[in-house]
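Participant:
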Amino acid sequence: MSVVRTISAEEMQVVGRFEGLRQMLLSSEYAEHLDKPLGYWALPTDRRLPLAFLGRSLREILAVPFEELTATPGIGRKKTASLVQLLARAAKTDPADLPAVILNPPTAKAVAGDGHGDSHPNLTNISEVTWAQWRASVVRHGLAGEPLGRMAPSLQRMTRVVWNTPMAAYTGSTLAEIRAMKTHGEKRVAAIIEVFHAVHAIVGRMDIQDHLVVRIMPSRIDAVERWTGDILQRAKRPSSEEIAANFIEPLLEQVRIDASRQVAALAECRLGIGGPITSVRQAARQMGLTRARVYQLLNAINDIMMVRWPTGRHQVHELREKFRGDTAEGANGDDQPELRQFEAAVELFYPGSRRGASGPIERAFEVTEREEDLLEVI
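Position 170 of the sequence shown, counted from 1, bears residue number 170 in the working numbering, the numbering being contiguous throughout.
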């Protein structure tokens, strides 16, 4: 006696949606999709994923009748619905947006293990196909050699050890592979993703022009660099107010963005913002710090500038020599601006040498910083 299985209206809807998606994805328009694994469209926050299918290509899955797919061990009603949802995401992906080369698609195990939380949910909860598009944008426009720190919205969200790491270190890796790298906790991965997203947002839809190149840099640094270049060509020296508005304030604001409040407060003390310019000894006393700690924080400011504006040292010191030459020659008569704050800014952002001796106390702080990096992984 044969048993007739009753199919609910909900199951009929799932079957109908699956068949509609099958016809769409098997059309010539979606030929580029078929060799991608199903897991390529999975998000880290997805639940009840059909693990048995994540490593199989769309071509393999769509070649199997729906009844056989649902008969796969471990594939129940909820995981069948997840399968259809992933196919729907694939159908919504414009074939023109798929990178020409997709390297090392994620395994089912890797995707299934990505469900933990992070500090940037809107960016880290992306599919591998989206990540591949962002990587492709970076490579296509010749930006893979740029350091991560230069492109980051804020260096405070990025561990210092990767500030100077080129984006090329991650252009050949999937998100699952990056998360599996040593010392790459979710905070570090989130910072990396944030940089790639920012670059893709600018150049993702930009066509290649052989006679032009893309140059991306922090907006404040770009403004200061343009102003510095203009002043180096100008005969008349700018006023103290112009120097403060176009050189000191933008660089100080960049420090406020990239450094802690303590570092920013130290920078303000050294520049005389809201009070007189202070010495290292005075700053240490005001902030309740040792001089060795103050020197370390000052070196951190220089580290930020070297990431954000690596060519700035030469231009800034050239600007200082011009101003000093103007003073020595008595140019512009009595209209010479007072340069004490400018000199303090040069010494703050691009000192002639590393500040402070690397004694036992300073080395102790360096060890503490390395320990902070390790805590990120724990």
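Note that the Cβ used here is the ideal one computed from N, Cα and C, for glycine as well.
DSSP state of S57, grouped into three classes?
Facilitator: Strand at S57.
Participant: Does the distance from the CB of M158 to the CB of A198 come in under 8 Å?
Facilitator: Not a contact, by the Cβ cut-off of 8 Å.
Participant: Is Q156 closer than 8 Å to A259 when the C-beta atoms are compared?
Facilitator: Yes, the Cβ-Cβ distance between A259 and Q156 is below 8 Å.
Participant: What three-state label does DSSP hand A100 in the structure shown?
Facilitator: With a pLDDT of 40 at A100, under the threshold of 50, the modelled position of that residue is not reliable, and no figure is offered here.
Participant: For the alpha helix (DSSP H) containing S219, list its first residue and its last residue.
Facilitator: From DSSP, the alpha helix (DSSP H) with S219 extends over 219 to 233.
Participant: When we look at the beta-carbon of V380 and count the other beta-carbons within 10 Å, is it buried (16 or more) or exposed?
Facilitator: No answer is possible for residue 380: the residues shown for the chain start at 1 and end at 378.
Participant: What does the alpha-carbon distance come out to for the pair L212 and R140?
Facilitator: The straight-line gap from Cα to Cα measures roughly 13 Å.
Participant: Between which two residues does the alpha helix (DSSP H) harbouring I273 extend?
Facilitator: Premise fails: I273 is in no alpha helix (DSSP H) and is neither H nor E.
Participant: When the Cα of L148 is compared with those of L86, I216, L83, Q133, which residue comes out closest?
Facilitator: Selected option, being the one with the closest Cα: I216.
Participant: Are the CB atoms of M167 and V203 nearer to each other than 8 Å?
Facilitator: Cβ atoms of M167 and V203: not closer than 8 Å.
Participant: Here's a check: name, in chain order, each residue in its chain whose Cβ is nearer than 7 Å to the Cβ of A42, leaving out the five neighbours to either side.
Facilitator: Excluding residues within five positions, the ones whose Cβ falls inside 7 Å are L49, L54, L86, V111, S127.
Participant: Using a Cβ-Cβ cut-off of 8 Å (strictly less than) and excluding sequence neighbours within five positions of T93, which residues of its own chain qualify?
Facilitator: Around T93: H33, W41, V129.
Participant: Report, in whole angstroms, the separation of the C-beta atoms of L297 and Q254, which I expect to be a contact under 8 Å.
Facilitator: No, L297 and Q254 are not in contact; Cβ-Cβ is about 16 Å, not under 8 Å.
Participant: Just tell me which of R188, I301, A136 has its CA closest to the CA of Y350.
Facilitator: Of the listed residues, the one whose Cα sits closest to Y350 is I301.
Participant: CA-CA distance, C269 and G275?
Facilitator: For C269 and G275, the distance between alpha carbons rounds to 7 Å.
Participant: To the nearest angstrom, report how far apart P106 and R47 are at their CA atoms.
Facilitator: Confidence in P106 is poor, its pLDDT being 40 and thus under 50, which makes the residue's placement unreliable; the coordinate value appears in the next sentence. Looking at the two C-alpha atoms, the distance is approximately 16 Å.
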